Structures are given as structure tokens and as C-alpha cells.
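Data first, discussion second: the structure below is written as C-alpha cells.
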Amino acid sequence: MEIRTASSPKDVKYYTTERLREEFLVENLFKVGEITSVYSHIDRIIIGAAMPITSLMLTPGEEIRAEYFLQRREMGVINVGGEGTIRVDGTEYTLKSRDGMYIGMGAKEVIFSSKEKDEPAKFYYNSAPAHKAYPTVHIKPENCVRVELGSLEQSNHRTITKYILPGQIESCQLVMGLTSLKPGSVWNTMPCHTHDRRMEAYLYLDLSEDSLVFHYMGEPIETRHIVVRNEQAVISPSWSIHSGCGTKAYSFIWGMLGENQDFDDMDGVSLGTLR
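This is the structure in C-alpha cells:
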């Protein structure tokens, strides 16, 4: 498990390109036959992925000092690969591409498998500290809350599918979902915002080899950018804007945790403020 420490905005504005990427970009999440994970000191989120050829069991590692991974944690999972299964304490759930799961605190055995090794599942997960056990739930995107925002004229026409949020799938603090831009749209969340009460993580998807996203971050008056490619993730501190502009339409999985679960608790940033 890789460890990432928290960073001050006073320091980040002096970072080089390489240092920005080292601190906030996660490049190699999906590795065939492995579970990878990055533990961030920013609200103690763990970002990870499992790409099983044979069955892979989720283990805690020394870093979280627990008997099992979800002893004091909860997690959300979204499959972005071929069909696969997740077995939770003996109960098996089949996940097609873009199906998700919420797995509550206290689940002792979590095992990832693929239906076909030639087209393995790609399970992306976010895990947060938890204080209460909520039920484990198989999430199908067609049953989720969906919101359509933006317009083609503003190059930001997009659909937000909310997988884990209060009133739909209950959790202690994790909120998670998927945003997909419509063809011809390239901007996500512009005008942008911050939310000091929650950090956020993005996994960028649906990008071809010859396309990329400029992920904008930093304080509104000290913006920076990170070039992101397909199936790479960005850790976004609560003090930072988080906006993307692609060379073509793309999708991304977002996960948030922190002080509250209010999706609309945002501090808007006017275009005139950005620098």
C-alpha cells in the first residue's frame, strides 16, 4: 500500500510539474492479477483497484493496523472492466461493467474474481473510515439517481449517476458516483467550486490512447493542472478546485468523504476569480 501525505496550499503553489504528479496523480492503478491501493492522509481515504485473473482477497496490510480491511472502514466499488464477482463473507455478487457495490464496515472477507480471464473485471474502489455498519448493497446504475447538467453550447453537457448517497444507499461518510460527458462536451464543472468540508478523488475513464484530460486543481487564485490519461486517478484536497477539460468527451468516477455527505454543499468560484 502506497502512502501519500497531506499537502498545504501554501506549499503546493511552488510545486514543479513532477512534484504535482507525485503528490496527487495515481498512474498505475490497474495491474493484471493484483490489488493496488493508495492510502492518503487527506481524510484517510484509500483509493484502490483489483484486476483479478484468479481470485484476489482484500487484505488490510500493515498500514491500517487492522485484523481485516473493513474492520473500521467502509468501501464503494465500481466495475469498469469485464463481468466479475465480489464475494462478501460468503455471499457472491455478480457485477457487470459499471455495476457498483457498497460494502459496510465489519465485512471480514472480500474476494474479487473475473468471469473471463481474457476480459478481466476492473474493480475500482474508494474506502473511508467508518463508525457504523450499514448493509452491503449491489448497485445497478439503472436504479440510481441521475441528473443531467450543462449544455452543448457551454461544452459541459453531462449526466451524473449517483451510486452512494443519503436516501439511496446509506453510508457513514462515503459518497460516490459516475459522471459521463456527452459527445461534443469536454468540460466538467466550470464554473468550478471547492468544498472545504469534503475531499474528492477522481478516476478518469473512456479516454482513447490519443486523448487526455487537463485536470485543474489548486486554490482559485493559484490554479495548476495535471495531465491525466485513461484509468488514472487524481486525489483532490478539500481546499482545491477540481475541474477537467478533455481533448474529447470522457467519464470519471468521483468519490467524496469528510465532514458531511451533502452533495450540493459547494463553494462556487466565479470565472472572474480564477487565476
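Read in order, the letters of the sequence shown correspond to residues 8 to 282 in my numbering.
For every residue, glycine included, the Cβ atom is placed at its ideal position computed from N, Cα and C.
All of these numbers come straight from a predicted model, not from anything done at the bench.
### Task
May I ask you to verify whether the stretch 118-127 touches the stretch 53-64, counting CB pairs closer than 8 Å and requiring at least 3?
By the Cβ criterion, the stretch 118-127 is in contact with the stretch 53-64, since at least three pairs of Cβ atoms, one from each stretch, lie closer than 8 Å.
### Message
Rounded to whole angstroms, what is the Cα-Cα separation between Thr230 and Arg282?
### Response
Going from the Cα of Thr230 to the Cα of Arg282 covers about 6 Å.
### Query
Are Val152 and Gln175 closer than 8 Å when you measure CB to CB?
Gln175 is positioned such that its CB atom lies closer than 8 Å to that of Val152.
### Residues near Tyr100 in its chain [Cβ-Cβ closer than 7 Å; skip 5 each side]
If we look at Tyr100 and ignore the five residues flanking it on each side, its Cβ neighbours are Thr92, Ile93, Met108 and His145.
### Candidates Tyr75, Ser250 and Trp194, of which the one nearest Asp96 by Cα
When C-alpha distances from Asp96 are compared across Tyr75, Ser250 and Trp194, the shortest belongs to Tyr75.
### Query
To the nearest angstrom, how far is it from the Cα of Phe119 to the Cα of Leu278?
Answer to the nearest angstrom: the Cα atoms are 44 Å apart.
### Test item: CB-CB of Gln268 and Leu159 under 8 Å
For the 8 Å CB-CB criterion, Gln268 and Leu159 do not form a contact.
### Message
Let me check understanding here. Comparing Cα to Cα, which of Asp213, Glu29 and Tyr46 lies closest to Arg72?
### Response
Nearest of Asp213, Glu29 and Tyr46 to Arg72, Cα basis: Tyr46.
### Ile248 versus Ser121 - alpha carbon distance
Distance between the alpha carbons of Ile248 and Ser121: 36 Å.
### Query
Does the separation of the CB atoms of Leu264 and Gln180 fall below 8 Å?
Between Leu264 and Gln180, the C-beta gap is smaller than 8 Å, which places the two residues in contact.
### Task
Rounded to whole angstroms, what's the CA-CA distance from Gly262 to Lys115? Just pull it up for me.
When the Cα atoms are used, Gly262 and Lys115 turn out to be separated by approximately 23 Å.
### Task
Jot down the residue ranges of each uninterrupted beta strand (DSSP E) in the stretch 144-213, minimum 3 residues, whole runs only, in chain order.
Counting whole runs of 3 or more residues, the stretch 144-213 contains the beta strand (DSSP E) stretches 144-146, 152-156, 165-171, 182-188 and 205-212.
### Query
When the Cα atoms are used, what is the spatial distance from Asp50 to Tyr209?
Cα to Cα, Asp50 sits roughly 15 Å from Tyr209.
### Message
If distances are taken between C-alpha atoms only, which option among Asp274, Tyr223, Thr254 and Phe270 comes closest to Lys20?
### Response
Checking every option, the nearest Cα to that of Lys20 belongs to Tyr223.
### Query
Hey, would you say the C-beta of Glu70 is under 7 Å away from at least one heavy atom of the ligand ZN?
The model depicted lacks the ligand ZN and carries no ligand whatsoever.
### Task
Return the CA-CA distance between Arg28 and Arg236, expressed in angstroms with no decimal places.
Cα-Cα distance, rounded: 12 Å.
### Query
For Phe119, does the three-state DSSP call read helix, strand or coil?
The answer is strand: DSSP assigns Phe119 an E or B state.
### Query
Can you name, in chain order, every residue of its own chain whose Cβ lies under 6 Å from the Cβ of Lys17, other than the five neighbours on each side?
Around Lys17, the same chain offers no residue with a beta carbon nearer than 6 Å, after the five sequence neighbours per side are excluded.
### Task
Counting only the same chain and skipping the five closest in sequence on each side, list residues whose C-beta sits under 8 Å from that of Gly251.
Only Trp194, Asn195, Thr196, Tyr209, Tyr211, Val220, Phe221, His222, Tyr223, Val235, Tyr257 and Phe259 meet the Cβ criterion.
### Query
According to DSSP, which residues form a beta bridge with Pro136?
According to DSSP, which records beta bridges pairwise, Pro136 is partnered with Arg80.
#### Entry: Residue span of the beta strand (DSSP E) that contains Phe221, given as start and end
In the DSSP assignment, Phe221 falls within the unbroken beta strand (DSSP E) covering Val220 to Glu226.
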